[in-house]
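Colleague: Using our numbering, the letters of the sequence shown correspond one by one to residues 3 to 243.
Note that beta-carbon positions come from the ideal geometry of N, C-alpha and C, so glycine has one too.
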Amino acid sequence: MRLLELHRVSKHFGGIRAVEDFSLEVQAGEIVGLIGPNGAGKSTLFNCVAGVFPPTSGEIVFQGKRIEGRKPWELCRLGIARTFQIVKPFASRTVLYNVTVGAFATTSRLAEAERRALAVLRTLHMEEKAHVRAANLTIADRKRLEIARALATRPRLLLLDEVMAGLRPTEVDEMVEVIRRLRDSGITFFVIEHIMRAVMALSDRIAVLHFGHKIAEGLPAEVARDDRVIKAYLGEDYGAA
Ligand SMILES: Nc1ncnc2c1ncn2[C@@H]1O[C@H](COP(=O)(O)OP(=O)(O)OP(=O)(O)O)[C@@H](O)[C@H]1O
Ligand SMILES: [Mg+2]
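(1) Ala209 and Leu26 look like a contact to me (Cβ under 8 angstroms); what is the Cβ gap, rounded to whole Å?
(2) For ligand 1, is there any heavy atom lying closer than 7 angstroms to the beta carbon of Ile33?
(3) How do the stretch 11 to 21 and the stretch 181 to 194 stand: do at least 3 beta-carbon pairs fall below 8 angstroms, yes or no?
(4) Enumerated in chain order, which unbroken segments of the beta strand (DSSP E) with a length of 3 residues or greater are wholly contained in the stretch 49 to 129?
(5) Please write down, chain order preserved, every residue whose beta carbon lies under 6 angstroms from a heavy atom of ligand 1.
(6) Is the beta carbon of Glu22 less than 8 angstroms from the beta carbon of Gly214?
(7) Under the three-state reduction of DSSP, which class applies to Thr1: helix, strand or coil?
(8) Identify every residue that forms a DSSP beta bridge with His196.
(9) Quick check: the Cα distance between Glu164 and Thr58, rounded to an integer number of angstroms?
(10) May I ask which residues mark the beginning and end of the alpha helix (DSSP H) holding Thr147?
(11) Using a Cβ-Cβ cutoff of less than 8 angstroms, which residues in the same chain neighbour Ser205 once the five nearest sequence positions on both sides are dropped?
(12) Could you please give the first and the last residue of the uninterrupted alpha helix (DSSP H) stretch that includes Arg183?
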């Protein structure tokens, strides 16, 4: 079943064509990777899907309904959640508080919000950190908190924007496992990631953006040996390594 469809989506900022004519389908239960060099338009595309701003043109369809131009909180209620590339928790508040705030996006009952928040923290193996202030978390735990906040909204589609940046290799492996488990529980993922080892291992399919254009889409192994992708992003050494 098609969960998310992007039809010829473009986003221009004045003269900057950040995303140009981008089309993609994400099936329910898939993990789709989005890669490409800095400034390629990846976060901009997520912002269009998550309702931060409307696309300049094109259609975005979620569960069969047109959603382009809707506001983030409406999209959140429909089942789309995202993490931000720059994490901004309420630093002086506890982990539990931060995740409970996430849950309030889709419930107005405190007991329910806290129950959900605790369940999400358990899933992410963060329950023992529930009462730690966000400011005192390691980078890896801050990233996990960012995912927890999004999960607490009970999404069907979760957009992850570089949640592995800054993590150590073992932490990256743990994060890959966490995302796989969440997918198995029924959540669909659209994932921006620069750590190739992770995105290759995780993704069912990968789309590649370059100067706003999709230059490739396919299985990880196909994308990894695509000449245009190697030239634009991976580098000549990648295939050889
Ligand atoms: N709100 C904005 N206003 C103006 N220009 C923007 C805005 N957001 C992004 N851009 C521009 O759009 C282009 C794409 O940026 P974007 O952040 O989407 O790239 P990215 O692929 O996420 O890069 P990175 O890998 O570095 O995160 C860049 O030229 C950027 O400067
Ligand atoms: Mg980005």
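Modeller: On the basis of the data shown:
(1) Along the sequence shown, one-based indexing puts residue 209 at 207. Along the sequence shown, one-based indexing puts residue 26 at 24. Yes, Ala209 and Leu26 are in contact; Cβ-Cβ is about 5 angstroms, under 8 angstroms.
(2) Position 31 of the sequence shown, counting from 1, holds the residue named residue 33. Taking 7 angstroms as the cut-off, one finds no heavy atom of ligand 1 near enough to the beta carbon of Ile33.
(3) no
(4) 59 to 64, 82 to 84
(5) Phe15, Ile18, Ala20, Gly38, Asn40, Gly41, Ala42, Gly43, Lys44, Ser45, Thr46, Gln87
(6) Stepping through the sequence shown from its first residue, residue 22 is reached at position 20. Stepping through the sequence shown from its first residue, residue 214 is reached at position 212. Yes, they are a contact pair.
(7) Since the first residue shown for the chain is 3 and the last is 243, residue 1 is missing from the structure and cannot be characterised.
(8) Within the sequence shown, residue 196 is the residue found at index 194, counting from 1. In DSSP, His196 forms no bridge with anything.
(9) Taking the sequence shown and counting its residues from 1, one reaches residue 164 at position 162. Taking the sequence shown and counting its residues from 1, one reaches residue 58 at position 56. One C-alpha to the other measures close to 24 angstroms.
(10) The residue labelled residue 147 in the question sits at position 145 within the sequence shown. At residue 147 the sequence reads Leu, which differs from the Thr that was named. Taken as a continuous stretch (DSSP letters only), the alpha helix (DSSP H) holding Leu147 covers 141 to 153.
(11) Here residue 205 refers to the residue found at position 203 of the sequence shown. Cβ neighbours of Ser205 beyond the five flanking positions: Ile33, Val34, Gly35, Val193, Pro222.
(12) Here residue 183 corresponds to residue number 181 of the sequence shown, with the count starting at 1. 171 to 186 is the extent of the alpha helix (DSSP H) around Arg183.
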